[in-house]
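Comments concern the structure below.
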Amino acid sequence: MAPAPIEARAHHDHAAGETTVCHLKNFGACHDNLINAMDRCANFDPGYGFPSSLMQYQGVFCKWYRDFGCSGRGDAMVIDSRGETVKMGDLGADDSMFRSVRCQDSPW
2 MAPAPIEARA HHDHAAGETT VCHLKNFGAC HDNLINAMDR CANFDPGYGF
52 PSSLMQYQGV FCKWYRDFGC SGRGDAMVID SRGETVKMGD LGADDSMFRS
102 VRCQDSPW
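In the numbering used here, the protein residues as written are 2 to 109.
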């Protein structure tokens, strides 16, 4: 069975900390790339490429890092999706820059 379109997935319940990363802009090549980064660092597999677009589901506060291991605080992109799901179809200058993500239920 083919994966559900990315728009359809956004309407389902997701566990806290789940994110979807897509390897092409505008949510292309997502292929069920669900990553749960709640209270832990999730590194992206270099074999699959790095995010060019992403969805961060409602209920969390995440930092997206340019380095593996969730390091380099100054370079982290912060997304607050505690109120609603955040969809970023084009990361622009940050395209394929992120190597890891960590989420929590509140800012840190």
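Positions of the beta carbon are idealized from the N, C-alpha and C atoms, including for glycine.
To the nearest angstrom, how far is it from the Cα of residue i to the Cα of residue j?
i     : j     : result
Glu8  : Phe99 : Because Glu8 sits at a pLDDT of 48, beneath the cut-off of 50, its placement in the model cannot be relied upon, and the point is left open.
Met89 : Met78 : 12 Å
Count the other C-beta atoms from every protein chain shown that fall within 10 angstroms of the C-beta of residue i, then say buried if there are 16 or more, exposed otherwise.
i     : result
Asp91 : exposed
Ala94 : exposed
Pro47 : exposed
I believe residue i touches residue j by the beta-carbon criterion, under 8 Å. Please report the beta-carbon distance rounded to the nearest angstrom.
i      : j     : result
Cys23  : Cys31 : 4 Å
Ser101 : Tyr66 : 5 Å
Below 8 Å CB to CB, which residues in the same chain sit around residue i once its five sequence neighbours on both sides are set aside?
i     : result
Phe62 : Val79, Ile80, Asp81, Ser82, Arg83, Cys104, Gln105, Asp106, Ser107, Pro108, Trp109
If you drop the 5 nearest sequence neighbours on each side, which residues of the same chain put their C-beta closer than 6 Å to that of residue i?
i      : result
His111 : A question about residue 111 goes unanswered here, because the residues of the chain that appear run from 2 up to 109.
Take residue i and list the residues in its own chain whose beta-carbon comes closer than 7 Å to its own, dropping the five residues that flank it on each side.
i     : result
Leu35 : Glu19, Thr21
Using the three-state DSSP reduction, which class does residue i fall into: helix, strand or coil?
i     : result
Gly29 : strand
Asp46 : coil
Asp81 : strand
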